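Chain order of the listed sequences is A and B.
So for the first sequence, the working numbering puts the first residue at 1102; every next one is plus one.
So for the second sequence, the working numbering puts the first residue at 1102; every next one is plus one.
Beta carbons are placed, not taken as given, at the ideal position from N, Cα and C, and that holds for glycine.
Computed from a predicted structure; not experimentally measured.
2 protein chains.
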Amino acid sequence: MSISSISDRQFEIIQAAGKILSSSGVSGLTIKNLAKEMGFAESAIYRHFDSKETIVVAMLIYLADNMDERLGKVISNRNTPKENLDAIFNDQFVFFSGNPHFVVAVFSDGLMEASPKINAAILRIMQAKMKHLMPIIMEGQHQGYFTNAIPTEELMHIILGAFRLQMFKWRIANFQFDIFERGKYLMSNISTIIQPCKN
Amino acid sequence: MSISSISDRQFEIIQAAGKILSSSGVSGLTIKNLAKEMGFAESAIYRHFDSKETIVVAMLIYLADNMDERLGKVISNRNTPKENLDAIFNDQFVFFSGNPHFVVAVFSDGLMEASPKINAAILRIMQAKMKHLMPIIMEGQHQGYFTNAIPTEELMHIILGAFRLQMFKWRIANFQFDIFERGKYLMSNISTIIQPCKN
DNA sequence: AAAAAGATTGTGAATGTTCACTAACTAAAA
DNA sequence: TTTTAGTTAGTGAACATTCACAATCTTTTT
């Protein structure tokens, strides 16, 4: 379930898999390419993983654990909900900025189709993010920082949708623009729009 | 470029391709499955299309033309921007409700990886939609129906992001809920949130 | 109107390529 | 000496695509 049980070589392999994902997409992620990237013969990969599926799942579990941990650290109840929301997305943009391959992994349905286990792993990542996001938005609504005009889930849907679309645009632009700067700008606009009206 | 040059059989084939896409995803769309769906031998497919790629491209061009036409009809300058925005999304939800396979085609990066031509075709669909959306949002901002607190592009980004995420959720739920009802609800919440504050 | 010629649209078998994965072997480390 | 981590050389299955051929429909010629 967690990362603890992963060897150094296994970690190298899932990183190589990530590198391939970001450069060649899901269809480029083959055992052959993975072995080439590692400087191995293909069969050597199977010394470390039972199947291609377990490689992808290991990668996604690593991401989920990592994200969960980072988001937990970044949120503080000394901050206002607004600051926490900013912190979450700042963290996300910094992370994906340094690990663009995970964008392909998470926001790719090519992977999701591959197997039910992979599907489940991707959904868990989404849920991990929502787990952290939800209470902050709710708190922000209660304290009057965010609008109460629509339900919490809907506010989250709109925020997440804007985030995902931004990631999509970054990906089809081949990661060519600065997602961190663009992300800051997006967040400022989202902040503006979810502000309650002062009547 | 346009649909005019498509034969009846070609139309049947792209419809069969769509059916397969919605039931089995991008990875299920093989010539073998396509031939089975048509009641053909595999080779017969090649009487009507040069390659698998041209089938997908034909399908996307059909969708782009169709969407462009429908959106053009649905928008009227007798309506308020709010009504037009509603009309656009109403139309989209009705259409995708009756043609769920196009959701897979358009919102799938599995397809986008396949070839530059397919990639370009999908981007054209997105641009067609934005072409209709942009002036309405802009008009709404000028007339004070939508908030001026953030730029038009950003408002569009947020609206499109929410729409796309809704489609994604519908797809991973295997089209099991009523996207039309859910879409109406989403639109009412978006309307609420893009309203300008009355100070 | 009948026959010949040609085009259209299908079939079945086969092509070469790529894929994930496996078996048997080998060298070095523990 | 046994375990570990790599190699070479395969496997069968799936894939898009092609080819020689046949039946049917359409057009042209007689």
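Cut-off 7 angstroms between Cβ atoms - residues of its own chain near residue i, not counting five sequence neighbours on either side
i	result
residue 1156 (chain B)	1114, 1115, 1118, 1150
residue 1280 (chain B)	1194, 1197, 1198, 1271
residue 1121 (chain B)	1129, 1130, 1134, 1135, 1138
residue 1160 (chain A)	1115, 1118, 1119, 1206
residue 1175 (chain A)	1188, 1189, 1192
residue 1158 (chain B)	1218, 1219, 1222
Cβ-based burial, residue i [other Cβ within 10 Å; buried from 16]
i	result
residue 1255 (chain A)	buried
residue 1303 (chain B)	As displayed, chain B neither begins before 1102 nor continues past 1300, which places residue 1303 (chain B) out of reach and without an answer.
residue 1272 (chain A)	buried
residue 1221 (chain B)	exposed
residue 1206 (chain B)	buried
residue 1066 (chain A)	Because chain A spans 1102 through 1300 in this model, residue 1066 (chain A) falls outside it and cannot be assessed.
residue 1202 (chain A)	buried
residue 1230 (chain B)	buried
residue 1275 (chain A)	exposed
residue 1244 (chain A)	exposed
residue 1267 (chain B)	buried
residue 1142 (chain B)	exposed
residue 1144 (chain B)	exposed
residue 1108 (chain B)	exposed
Own chain, CB closer than 8 angstroms to residue i, minus 5 neighbours either side, in chain order
i	result
residue 1211 (chain B)	1126, 1127, 1128
residue 1102 (chain A)	For residue 1102 (chain A), the pLDDT reaches just 42, beneath the cut-off of 50, and the residue's location in the model is therefore unreliable, leaving the point undetermined.
residue 1285 (chain B)	1191, 1194
Same chain, Cβ closer than 6 angstroms to residue i, neighbours up to 5 away in sequence not counted
i	result
residue 1197 (chain B)	1204
residue 1246 (chain B)	1182, 1183
residue 1110 (chain B)	1149
residue 1241 (chain A)	1182, 1247
residue 1216 (chain B)	1154
residue 1186 (chain A)	1237
residue 1209 (chain A)	1127
I want to know whether the region 1121-1137 of chain A touches the region 1189-1197 of chain A - three or more CB-CB distances under 8 angstroms. no
With 7 angstroms as the limit, tell me which residues of the region 1103-1136 of chain A have their beta carbon closer than that to any beta carbon of chain B; keep them in chain order. 1126, 1127, 1128
Segment contact flag, the region 1236-1252 of chain B with the region 1290-1299 of chain B, C-beta cutoff 8 angstroms, min 3 pairs: yes
Ordered list of alpha helix (DSSP H) runs contained in the region 1151-1220 of chain B, each at least 4 residues: 1153-1175, 1182-1199, 1201-1207, 1210-1215
Going along the region 1262-1277 of chain A in order, which residues come within less than 9 angstroms of chain B, judged by CB to CB distance? 1262, 1263, 1264, 1265, 1266, 1267, 1269, 1270, 1272, 1273
Name, going along the chain, the residues of the region 1201-1212 of chain A whose beta-carbon falls closer than 9 angstroms to a beta-carbon of chain B. 1205, 1208, 1209, 1210, 1211, 1212
Please list the residues of the region 1245-1256 of chain A that have a C-beta atom closer than 9 angstroms to any C-beta atom in chain B, keeping them in chain order. 1248, 1250, 1251, 1252, 1255, 1256
May I ask you to list, following chain order, the residues of the region 1283-1295 of chain B that have a beta carbon less than 9 angstroms from some beta carbon of chain A? 1286, 1287, 1289, 1290, 1291, 1293, 1294, 1295
Could I get the ranges of all uninterrupted alpha helix (DSSP H) runs contained in the region 1236-1284 of chain A, with 4 residues as the minimum, in chain order? 1253-1273
Taking one C-beta from the region 1257-1272 of chain A and one from the region 1227-1239 of chain A each time, how about it: are there three or more such pairs within less than 8 angstroms? yes
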